[in-house]
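Heads up: the structure comes next, in structure tokens.
Numbering (the numbering used here), first residue to last: 32 to 470.
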């Protein structure tokens, strides 16, 4: 008898649950093709000018997208940018953040949310996340506030809105701005307000792996007229415009080219129409799969904040090693071995993972404190008088989630059938049943 025939699990040589690729998540179609065709025929692929002129604010598709976004999100200003990262840079700059200031950030997110303060010489200070919801913890934020703190960058992680009532109250008490990174949370709700509109400035992503996308792109929203104008200036070569515009506040008026193209805006307009239907389909598939996975004792579906709704950029789960008797990583590697990749994302592996990103303060950037140049700026040589700690252990909940408990997966996309979802469930069920093979 061959050795592999002694085992049931695919990771040990047994038969896989699934060999067929999962369907691709494709949200673009004939509507976007038609819209792009009109833009190309118009001959206007961009209309921006980097000087003070009526075209300083972009072309017809860009302006239409901004007005459409304003109406949908019920905000005074929606400002297109070429990425959510660019939007974060514009947002931090617009607040007048400068060398020596501190900005409280999340350790458990895409790096741009924590790196943005560095662009202006400010110091990122990491607060811990919530045990149940994974957004910044109000208690941890309060512990990190010092006389140097000027703002908080909140992330609506995985599609979950942050605890706005408590954190906004803290910000008001200490006279701090809130930038809300809602890249993963389109149309999520906190009470009767949309994620991205809960703080002073909100940022959305239209990157290709978000729920809707235009390849690359982002939107910045605010109800503050002055902040909106500063964001627009930073987006488009501020230094060349302020004199002719007679704009007096020159702090952070070194501009960039963060402009969105007309083609990107045209695609985004069509994508926006599809967003409610896509969110509904994601939720339906998650509910179906969660019901099946609930039968596995070592897995728990993560909570949705009371009086809120979730966009489900990914589905987080919690893993109990004590119940399973094996480490989470071994369990998930075995699950992945039972499944296969997703079309168009084959090189990313099976879309199930343990943890999310390594806590950002453990990156070389923060451990070595080398960012711009070789002298340690902005931590050194910029008049910074505070003390910041990037040692392992400063955010124990983030570390516990990353190294021990959190599982995330994307195997619930709208194109997936019940057969597809059943295969995902069977993979988890099989590994649970034969987990002793992993010991």
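Where is the CB? At the ideal position from N, CA and C, for every residue including glycine.
| Check | Outcome |
| --- | --- |
| Through-space distance from residue 380 to residue 9, alpha-carbon basis | Lying before the first or after the last residue shown, residue 9 is absent from the chain, which here runs from 32 to 470. |
| Helix, strand or coil at residue 466 according to DSSP, with G and I counted as helix | helix |
| Check whether residue 128 and residue 203 have beta carbons under 8 Å apart | no |
| Residue closest to residue 159, alpha-carbon to alpha-carbon, out of 408, 456, 410, 391 | 391 |
| Cβ neighbour criterion (16 or more within 10 Å) applied to residue 71 | exposed |
| Same chain, Cβ closer than 6 Å to residue 35, five either side skipped, listed in chain order | Per-residue confidence for residue 35 stands at a pLDDT of 49, beneath the threshold of 50, marking its modelled position as unreliable; the derived number appears in the next sentence. For residue 35, where only same-chain residues beyond five positions count, the Cβ hits under 6 Å are 44. |
| Residue 442 and residue 386 closer than 8 Å at C-beta | no |
| Opening and closing residue of the beta strand (DSSP E) in which residue 346 lies | 346-350 |
| Distance between residue 60 and residue 69 (C-alpha atoms, nearest Å) | 15 Å |
| Top-ranked residue by Cα proximity to residue 74, from 64, 90, 170, 199 | 90 |
| Span separating the alpha-carbon of residue 372 from that of residue 318 | 22 Å |
| For residue 99, the three-state DSSP class (helix, strand or coil) | helix |
| Start and end residues, beta strand (DSSP E) containing residue 53 | Counting along the chain, residue 53 falls outside any beta strand (DSSP E), and DSSP gives it neither H nor E. |
| At least three beta-carbon pairs within less than 8 Å, the segment 273-286 to the segment 405-412 | no |
| Nearest-angstrom Cβ-Cβ length linking residue 242 and residue 342, presumed shorter than 8 Å | 6 Å |
| CA-to-CA distance, residue 267 to residue 196, given in whole angstroms | 34 Å |
| Same chain, Cβ closer than 8 Å to residue 454, neighbours up to 5 away in sequence not counted | 48, 49, 370 |
| Cβ shell of residue 198 (< 8 Å), same chain only, five flanking positions each side left out | 167, 169, 172, 183, 185, 209 |
| Through-space distance from residue 260 to residue 389, alpha-carbon basis | 36 Å |
| Length-filtered (4 minimum) alpha helix (DSSP H) runs lying within the segment 223-290 | 256-266, 273-276 |
| Cβ separation of residue 157 and residue 425, assumed to be a contact under 8 Å, to the nearest whole Å | 6 Å |
| Proximal residues to residue 272 (C-beta, below 8 Å), its chain only, five neighbours per side dropped | 81, 82, 83, 87, 264, 278, 286 |
| Contact belief for residue 118 with residue 249 at Cβ below 8 Å, rounded distance in angstroms | 4 Å |
| For residue 331: DSSP bridge partner residues | 349 |
| Counted within 10 angstroms of its Cβ, other Cβ atoms place residue 140 as buried (16 or more) or exposed | buried |
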